[in-house]
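Since the structure comes first, as structure tokens, the remarks are kept for the end.
Put into structure tokens, the structure is as follows:
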């Protein structure tokens with residue numbers, strides 16, 4: 509199988525351990541084990557007591573009943589537990605879901621630019637992939653009229669990322685409803701990667717699974733819930749797709765493991781406390797980043813809508829990858845160059861690091877940008 513590297517992952521795999529000031533990641537400041545223990549106000553006793561009772565075998569292959577129950581509560585409609593399958597992060601969810609749906613010769617429409625697996629996996633499987641482009645002039649949202657032009661009677665799948673990685677814009681319920689109507693007209697599935705949950709204007713946000721009967725939704729603990737160490741995600745789909753995914757999971761992961769399942773369940777049981785913490789980080793750090801951008805004539809952005817990933821545009825006389833390498837080697841600051849998302853002349857700014865890391869990273873980035881004016 510000939511598949512392209514994922515640009516952002518290749519970059520981080522090489523460079524992230526070299527950084528002193530990592531402002532490239534899109535997780536909301538990862539929780540420490542001490543912070544996780546504090547969630548139950550019993551120093552994690554409820555978590556460890558459960559582990560003490562568990563044998564360290566394979567555990568529940570698809571995810572424990574407790575895990576499936578807390579995932580189901582994330583959605584407005586009633587979700588059949590048999591339609592919730594635990595995966596190795598959202599990456600595993602996307603891989604298994606796309607493999608379960610896409611066959612050679614299928615027509616797939618993919619939001620672009622975004623996280624590369626949403627269009628590269630279908631292409632690798634032999635599908636004809638067309639891009640539904642995000643438009644800067646529309647606030648980095650796609651044009652629904654363009655989707656109407658792209659869809660065909662044989663369109664098998666529409667892939668979207670809500671909120672967008674790396675830009676951070678959110679498609680509201682009205683837009684999702686229009687996407688569903690277009691997909692329904694040809695019987696297409698809609699795969700929605702929802703790993704970035706908006707933390708503001710939540711009344712206008714809905715999961716695609718609450719909007720469309722042929723939705724396939726993927727998510728994980730890694731971004732919004734600040735626990736990428738668990739490496740637990742999930743996919744929600746209808747019975748037909750879920751049954752196909754069951755077969756692929758046996759080839760790609762078998763199970764998430766007893767410890768990871770218990771940790772994931774514990775995190776989602778206490779999600780309200782985590783989201784309260786993370787709103788403070790997201791809103792406070794976005795204000796810090798905005799204040800900094802307001803002082804920089806070489807930097808602009810469309811402020812992210814309460815999610816942890818963002819994209820800054822850079823007006824610099826240098827290739828963005830070369831600039832980011834130099835920024836890391838000379839100042840220890842890590843960004844992901846926009847070219848790794850097919851968005852040259854910019855960078856993904858992970859503005860939801862700890863406040864001290866963000867402030868120092870931005871200060872050093874400002875110094876590097878100022879050199880272009882000397």
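Residue numbers (this note's numbering): 509 to 882.
Every residue gets a Cβ at the ideal spot worked out from N, C-alpha and C, and that includes glycine.
Quick one: Cα of residue i to Cα of residue j, how far?
i, j, result
"residue 847", "residue 519", "11 Å"
"residue 759", "residue 596", "12 Å"
"residue 660", "residue 610", "15 Å"
"residue 820", "residue 806", "10 Å"
"residue 587", "residue 723", "12 Å"
"residue 745", "residue 552", "33 Å"
"residue 713", "residue 842", "31 Å"
"residue 836", "residue 685", "43 Å"
"residue 792", "residue 860", "9 Å"
"residue 742", "residue 663", "25 Å"
"residue 618", "residue 550", "45 Å"
"residue 794", "residue 561", "42 Å"
"residue 528", "residue 802", "25 Å"
"residue 839", "residue 673", "26 Å"
"residue 592", "residue 580", "8 Å"
"residue 711", "residue 578", "21 Å"
"residue 754", "residue 671", "27 Å"
"residue 532", "residue 789", "16 Å"
"residue 534", "residue 557", "32 Å"
"residue 779", "residue 645", "35 Å"
"residue 818", "residue 870", "14 Å"
"residue 770", "residue 657", "46 Å"
"residue 582", "residue 706", "13 Å"
"residue 749", "residue 740", "20 Å"
"residue 816", "residue 704", "7 Å"
"residue 573", "residue 667", "29 Å"
"residue 823", "residue 804", "10 Å"
"residue 863", "residue 708", "20 Å"
"residue 653", "residue 641", "11 Å"
"residue 510", "residue 635", "13 Å"
"residue 772", "residue 761", "17 Å"
"residue 829", "residue 693", "42 Å"
Got a sec, what are the start and stop residues for the beta strand (DSSP E) residue i sits in?
i, result
"residue 700", "697-701"
"residue 743", "741-744"
"residue 556", "Counting along the chain, residue 556 falls outside any beta strand (DSSP E), though it belongs to the alpha helix (DSSP H) covering 553-561."
"residue 642", "636-643"
"residue 856", "854-857"
"residue 544", "First-last for residue 544: 541-546, but that is the alpha helix (DSSP H), not the beta strand (DSSP E)."
"residue 670", "From DSSP, residue 670 is part of no beta strand (DSSP E); its letter is neither H nor E."
Should residue i be labelled buried (16 or more other beta-carbon atoms within 10 Å of its own) or exposed?
i, result
"residue 566", "exposed"
"residue 727", "buried"
"residue 643", "exposed"
"residue 607", "buried"
"residue 521", "exposed"
"residue 612", "exposed"
"residue 602", "buried"
"residue 526", "exposed"
"residue 555", "buried"
"residue 515", "buried"
"residue 564", "exposed"
"residue 575", "buried"
"residue 630", "buried"
"residue 540", "exposed"
"residue 542", "exposed"
"residue 570", "buried"
Quick check on the DSSP output: the alpha helix (DSSP H) that includes residue i runs from which residue to which?
i, result
"residue 760", "747-760"
"residue 604", "597-609"
"residue 832", "828-839"
"residue 654", "652-658"
"residue 567", "Here residue 567 belongs to no alpha helix (DSSP H), and DSSP marks it neither H nor E."
"residue 515", "515-523"
"residue 767", "766-777"
"residue 527", "No alpha helix (DSSP H) contains residue 527, which DSSP labels as neither H nor E."
So, helix, strand or coil for residue i, using DSSP?
i, result
"residue 788", "helix"
"residue 871", "helix"
"residue 686", "helix"
"residue 591", "helix"
"residue 731", "coil"
"residue 675", "coil"
"residue 804", "coil"
"residue 623", "coil"
"residue 845", "strand"
"residue 817", "coil"
Could you tell me how far apart the beta carbons of residue i and residue j are, in whole angstroms, since I believe they sit closer than 8 Å?
i, j, result
"residue 855", "residue 844", "6 Å"
"residue 857", "residue 811", "About 11 Å separates the two Cβ atoms, so there is no contact after all."
"residue 775", "residue 733", "6 Å"
"residue 831", "residue 621", "Not confirmed; about 19 Å, so no contact."
"residue 701", "residue 585", "That pair is no contact at about 19 Å."
"residue 786", "residue 536", "5 Å"
"residue 665", "residue 616", "5 Å"
"residue 594", "residue 764", "5 Å"
"residue 874", "residue 800", "7 Å"
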